[in-house]
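Colleague: UniProt numbering numbers the first residue of the sequence shown as 1 and each following residue consecutively.
Glycine included, every Cβ here is placed at the ideal spot set by N, Cα and C.
All of these numbers come straight from a predicted model, not from anything done at the bench.
To start, I am sharing the structure in question, which I have written as structure tokens.
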Amino acid sequence: MTAERSLLAALEAGCSAPVGALADLLADGQIVKEMRLRGVVGTTDGTRMVQLSTTGPVPETHDRATALGRELAAEMLAQGAAGLMGERAH
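Structure (structure tokens):
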């Protein structure tokens with residue numbers, strides 16, 4: 001949850017922005033191996049989107065989970081996510 005919230009905060013997503021974040025744990029049998037964080041930003045009409053994910057070791061601290069969210073947000077912004085959030089359907 002910390003990584004998801006960090007991603008949304010770093011994107012400066014408002015309540016009506018077409019933005020999503022999902023973190024889930026990846027397991028091998030009973031052993032949790034990694035965490036995957038996925039993010040998506042789209043236009044309000046759904047015609048364009050930036051969708052990225054990152055996978056890595058399960059963050060052991062709140063700070064590391066926050067950093068993971070910020071890192072993915074930075075990648076999404078570099079690919080034009082901010083412009084998509086500002087677009088409106090015509």
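Would you say L22 and E4 are within 8 Å of each other, going by their C-beta atoms?
Modeller: In this structure, L22 places its C-beta atom within 8 Å of the C-beta atom of E4.
Colleague: Considering just the uninterrupted stretch of the beta strand (DSSP E) at D45, what are its terminal residues?
Modeller: Premise fails: D45 is in no beta strand (DSSP E) and is neither H nor E.
Colleague: So is V32 buried or exposed if we call it buried at 16+ other beta carbons inside 10 Å?
Modeller: exposed
Colleague: May I ask you to list the residues that DSSP assigns as paired with E34?
Modeller: L26, P57
Colleague: Using only the alpha-carbon positions, how far apart do M76 and L52 sit?
Modeller: Looking at the backbone, the Cα of M76 and that of L52 are separated by about 7 Å.
Colleague: Beta-carbon separation of V58 and L84 under 8 Å?
Modeller: no
Colleague: The alpha helix (DSSP H) that contains M76, what's its start and end?
Modeller: Going by DSSP, M76 is part of the alpha helix (DSSP H) stretching over 62-78.
Colleague: Please find out if some non-hydrogen atom of the ligand MN comes closer than 7 Å to the beta-carbon of E75.
Modeller: The model on display carries no ligand, and the ligand MN is accordingly not part of it.
Colleague: Between A73, A74, G69, Q79, which lies nearest to M1 when the distance is taken from Cα to Cα?
Modeller: G69
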